[in-house]
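One structure below.
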Amino acid sequence: MSAAGFLSQEESAAALYRLALAIAEEHGAHVPDTAMTVGPYAFMAELRRLGWSQNLPARRRPSARPPV
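Letter 40 of the sequence shown, counting from 1, is numbered 48 in my numbering, and no numbers are missing.
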């Protein structure tokens with residue numbers, strides 16, 4: 009985590025990947041073990057290839073939308 013309170017680009021990508029898998033599982037998808045182990049590296053490589061360079065805030069804030 010950077011001193012400014014943001015995750016690094018790698019940490020941000022990993023957080024997005026975990027979030028995507030969690031949402032998929034919540035909606036009934038089966039996420040294989042390889043998606044948990046190899047998938048993050050492929051996901052980060054694709055983000056780099058696309059030129060993605062975002063840093064997410066390190067602190068979690070409560071969601072503004074109600075749970076579904």
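The C-beta atom is built at its ideal place from N, Cα and C for all residues, glycine as well.
Computed from a prediction, not measured in an experiment: that's the story for all the values here.
Using a 10 Å radius around the Cβ and a threshold of 16 neighbouring Cβ atoms, would you call Leu15 buried or exposed? Residue 15 sits at position 7 when you count from the first residue of the sequence shown. That one is buried.
Express the C-alpha separation of His35 and Gly13 in angstroms, rounding to a whole number. Translated into the one-based positions of the sequence shown, residue 13 becomes position 5. Translated into the one-based positions of the sequence shown, residue 35 becomes position 27. In a straight line, the C-alpha of Gly13 is about 31 Å away from that of His35.
Just reading off the alpha helix (DSSP H) that Gln17 is part of, what are its end residues? On the sequence shown, residue 17 is found 9 positions in, with the first residue counted as 1. Taken as a continuous stretch (DSSP letters only), the alpha helix (DSSP H) holding Gln17 covers 17 to 34.
By a C-beta neighbour count over all protein chains shown, 10 Å radius and 16 as the cutoff for buried, is Ala30 buried or exposed? The count along the sequence shown starts at 1 and reaches residue 30 at position 22. Answer is exposed; the Cβ neighbour count stays below 16.
Checking 9 Å against the spacing of the C-beta atoms, do Gly47 and Tyr25 come in under that value? Counted from its first residue, the sequence shown places residue 47 at position 39. Counted from its first residue, the sequence shown places residue 25 at position 17. In contact: Gly47 and Tyr25 (Cβ atoms closer than 9 Å).
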